[in-house]
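Written out below as structure tokens is the structure these notes cover.
Chains as they are written, first to last, in full-length UniProt numbering: chain A, 1 to 354; chain B, 1 to 354.
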């Protein structure tokens with residue numbers, strides 16, 4: 001019998017507050033009964049909602065906090081106002097204090113990353129954290145990172161992301177050697193992607209325990225060409241939101257097409273189950289949960305605007321990351337690399353990594 | 001009666017060669033009878049195909065070229081092997097020599113941009129060329145640039161793109177003051193997008209004749225929030241290809257859903273016309289034609305793998321750009337700005353642009 005997975009929840013985060021967070025937690029608890037929760041937030045409000053969720057109440061304790069980080073607070077502002085005392089900070093702090101195994105918040109991304117980075121610090125060997133998203137593809141799902149933690153990657157941080165993304169894909173998809181691609185543009189000899197080219201060289205020539213596939217382009221993400229797509233945070237965030245926008249656009253075209261004639265409406269009625277299945281397949285709630293990678297602790301970001309089902313997905317991701325020991329696997333990959341390069345003689349032309 | 005629009009075609013470019021190029025040109029000629037063509041390519045092959053297209057033949061002359069730029073040639077290789085004598089170079093050169101008003105090629109993007117840039121040079125006041133794509137949106141169409149001409153933009157080149165993209169949207173969509181957004185990520189205070197912030201400041205404070213809307217995110221492209229989306233070439237290329245990949249992915253989901261049960265198949269039969277309309281709406285051939293902006297001449301890139309209908313769309317775009325005087329409009333915007341900043345007293349805190 002393994003120990004339960006302890007999740008710290010920022011009960012006040014997100015557009016809909018404790019109602020959504022707690023309902024979501026209860027859904028996730030139904031799927032993973034070996035979970036316990038610490039709920040940080042306004043005690044009166046949280047307990048009021050908890051009264052409607054007896055199963056969740058039995059697996060939870062509530063810790064009162066006064067301060068709520070606003071959805072529009074700037075990271076610096078959130079740190080100034082919310083450090084030590086906000087529900088967001090306290091949820092992260094529970095991970096640091098080993099009272100919880102992971103923190104989940106639907107609060108604002110910039111503030112959450114700033115607080116997580118400030119409090120948990122980056123793992124040894126990792127220069128900066130990244131946010132990894134789970135992307136539905138034609139072949140299943142892929143891990144895509146960085147989707148917006150920082151702008152402008154060095155070759156070293158791209159390599160680190162390849163290592164962390166591989167570990168996450170191993171945990172999530174149960175694949176021994178997930179394939180990793182570096183996102184690039186398909187234009188030869190173009191200037192300015194030296195970091196990406198250099199990262200490719202490092203992944204090809206050095207032993208980082210990464211199954212490196214090569215460059216991939218934007219259309220390869222949805223095709224599922226590789227299990228892990230690595231890119232710098234600006235392009236990654238643009239890619240993620242562009243895909244979301246395109247999916248919405250096509251769903252809207254489809255609705256319009258199905259309503260434009262009597263025949264189409266009859267067809268829709270016949271195929272309703274199929275449309276329902278399609279809708280579920282395209283449901284963004286299913287892949288909710290951005291994973292902060294590279295920190296000394298597990299923090300998961302849920303979309304702020306999601307509903308209980310979506311928040312439950314983010315809690316599921318936290319559960320998997322803890323249960324399958326994401327951090328230990330990332331550390332193992334980093335240490336494995338260090339062991340492989342430190343004592344062995346260096347091949348000519350390959351520089352050691354610090 | 002206005003003079004005909006003279007189009008120089010790289011008859012050898014693209015995956016399918018003269019057959020597709022010439023069939024496409026004939027389709028476009030049917031829509032715009034006031035066009036004439038110069039066809040650069042292997043004389044025997046081109047004349048062989050032209051024999052099946054008598055209408056096109058009557059509006060064309062053929063110029064023999066020996067060298068074909070390969071679809072995988074690197075730009076430097078293409079310049080070395082193909083300068084002065086390839087079908088691609090000669091089509092561009094016809095624009096330079098004022099024998100044609102625009103060049104269209106389905107050949108490889110990098111080679112075409114390198115040759116166009118080398119031969120036509122950038123317009124006065126423009127520091128580097130950009131590739132603009134036409135993006136179908138929920139509100140119609142938008143211009144998105146740069147989708148891959150160069151990596152890493154300065155604030156100045158972003159402002160130039162805003163000016164050029166506005167001129168193109170004015171020509172294509174017949175809007176007096178197209179709205180312009182700068183693509184950005186939604187994370188506050190994030191590091192490294194100083195160029196984008198500075199470009200925003202310039203567009204807000206200086207008179208560039210641009211209807212500046214503000215920052216937009218990836219999902220705003222498909223929503224059609226603005227008429228012109230400006231971004232640096234790496235992110236723009238990733239966005240374009242990610243959207244293409246997502247559209248393919250969803251089309252594949254839809255096909256699978258419609259085939260999964262008898263009821264769904266019956267529904268599909270009833271709604272077939274609606275599906276056909278949806279398919280046409282999503283048809284990537286309708287928005288084929290990347291426009292090279294910022295050069296002393298009009299060059300249009302067609303997708304290499306497109307068919308005759310797609311190539312015809314690229315020729316249509318060339319026609320519109322010539323007929324509605326794209327270059328003169330870009331020049332007017334640039335000159336208008338210069339006039340507005342040079343003699344007038346500078347408001348405090350606003351620096352002049354060179």
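All residues carry an ideal CB built from backbone N, CA and C; glycine is no exception.
Chain-ordered chain A contacts of residue i [CB-CB under 8 Å]
i, result
"residue 222/B", "242, 245, 246, 248, 249"
"residue 207/B", "Chain A residues near residue 207/B: none, gap ~29 Å exceeds 8 Å."
"residue 234/B", "185, 192, 193, 235"
"residue 218/B", "237, 238, 239, 240, 241, 242, 243, 244, 245"
"residue 300/B", "Here the premise fails: no neighbours, minimum Cβ distance about 17 Å."
For residue j and residue i, the rounded distance between their alpha carbons
i, j, result
"residue 10/A", "residue 232/A", "28 Å"
"residue 228/B", "residue 160/B", "13 Å"
"residue 182/A", "residue 292/A", "19 Å"
"residue 49/A", "residue 157/A", "42 Å"
"residue 7/B", "residue 204/B", "38 Å"
"residue 308/B", "residue 296/B", "28 Å"
"residue 109/A", "residue 130/B", "32 Å"
"residue 277/B", "residue 155/A", "46 Å"
"residue 28/A", "residue 171/A", "18 Å"
"residue 162/B", "residue 230/B", "6 Å"
"residue 318/A", "residue 36/A", "12 Å"
"residue 354/B", "residue 143/A", "For residue 354/B, the predicted model reports a pLDDT of 36, less than 50, meaning its position is unreliable; a value from the coordinates is still stated below. Those two C-alpha atoms are separated by around 44 Å."
"residue 64/B", "residue 323/B", "28 Å"
"residue 349/A", "residue 185/A", "For residue 349/A, the pLDDT reaches just 41, beneath the cut-off of 50, and the residue's location in the model is therefore unreliable, although a value from the coordinates is still provided. Roughly 27 Å between the two C-alpha positions."
"residue 332/A", "residue 4/A", "23 Å"
"residue 148/A", "residue 59/B", "53 Å"
"residue 84/B", "residue 304/B", "22 Å"
"residue 352/A", "residue 209/A", "Caution is warranted here: a pLDDT of 36 is assigned to residue 352/A, below 50, making its placement in the model unreliable, and the coordinate value is therefore given only provisionally. When rounded, the distance between both Cα atoms is 15 Å."
"residue 310/B", "residue 55/B", "19 Å"
"residue 288/A", "residue 244/A", "12 Å"
"residue 294/A", "residue 122/A", "5 Å"
"residue 116/A", "residue 90/A", "10 Å"
"residue 234/A", "residue 234/B", "10 Å"
"residue 25/A", "residue 218/B", "30 Å"
Partner residues on chain B for residue i, Cβ-Cβ distance less than 8 Å
i, result
"residue 257/A", "271, 274, 275, 277, 278, 281"
"residue 254/A", "254, 278"
"residue 309/A", "Ordered by position in chain B, no residue passes the 8 Å Cβ test against residue 309/A, which lies about 20 Å from the chain."
Residue i classed as buried or exposed, judged by whether at least 16 other C-beta atoms fall within 10 angstroms
i, result
"residue 262/B", "exposed"
"residue 197/A", "exposed"
"residue 279/B", "exposed"
"residue 76/B", "exposed"
"residue 73/B", "buried"
"residue 212/A", "buried"
"residue 328/A", "exposed"
"residue 87/B", "buried"
"residue 166/B", "buried"
"residue 118/B", "exposed"
"residue 252/A", "exposed"
"residue 255/B", "exposed"
"residue 325/A", "exposed"
"residue 194/B", "exposed"
"residue 344/B", "Low confidence applies here, because residue 344/B scores a pLDDT of 42, under 50, leaving its location unreliable and the question unanswered by this model."
"residue 264/A", "buried"
"residue 176/A", "exposed"
"residue 97/A", "exposed"
"residue 107/A", "buried"
"residue 207/A", "exposed"
Residue i: contacting residues in chain A (beta-carbon distance under 7 Å)
i, result
"residue 263/B", "270, 271, 273"
"residue 266/B", "270"
Chain-ordered chain A contacts of residue i [CB-CB under 9 Å]
i, result
"residue 58/B", "The contacting residues do not exist; residue 58/B stays about 38 Å from chain A at best."
"residue 296/B", "Within chain A, no residue comes near residue 296/B; the closest Cβ sits about 22 Å away, beyond 9 Å."
"residue 198/B", "Simply none; closest approach about 14 Å."
Chain-ordered chain B contacts of residue i [CB-CB under 9 Å]
i, result
"residue 260/A", "273, 274, 277"
Listed in chain order, which residues of the segment 137 to 153 of chain A have Cβ atoms closer than 8 Å to some Cβ of chain B? Hits within the stretch, in order: 137, 138, 148, 150, 151, 152.
Under 7 Å, CB to CB, which of the residues in the segment 101 to 122 of chain B have a partner in chain A? Taking 7 Å as the Cβ-Cβ cut-off against chain A, the residues of the segment 101 to 122 of chain B that qualify are 109, 110.
Extract the residue ranges of the alpha helix (DSSP H) inside the segment 239 to 305 of chain B, only unbroken runs of 4 or more that lie entirely within it. Taken in chain order, the whole alpha helix (DSSP H) runs of length 4 or more contained in the segment 239 to 305 of chain B are 262 to 270, 272 to 282.
Going residue by residue through the segment 93 to 154 of chain B, where are the continuous beta strand (DSSP E) segments of at least 3 residues, counting only ones entirely within it? Inside the segment 93 to 154 of chain B, DSSP marks whole beta strand (DSSP E) runs of 3 or more residues at positions 102 to 105, 130 to 137, 140 to 145, from first to last along the chain.
Threshold first: 4 residues or longer. Then list the alpha helix (DSSP H) segments lying entirely within the segment 175 to 214 of chain B, N to C. Runs of the alpha helix (DSSP H) lying entirely within the segment 175 to 214 of chain B and spanning at least 4 residues, in chain order: 194 to 205.
Start-end ranges of the alpha helix (DSSP H) lying completely within the segment 47 to 93 of chain A, minimum 4 residues: Counting whole runs of 4 or more residues, the segment 47 to 93 of chain A contains the alpha helix (DSSP H) stretches 54 to 58, 75 to 82.
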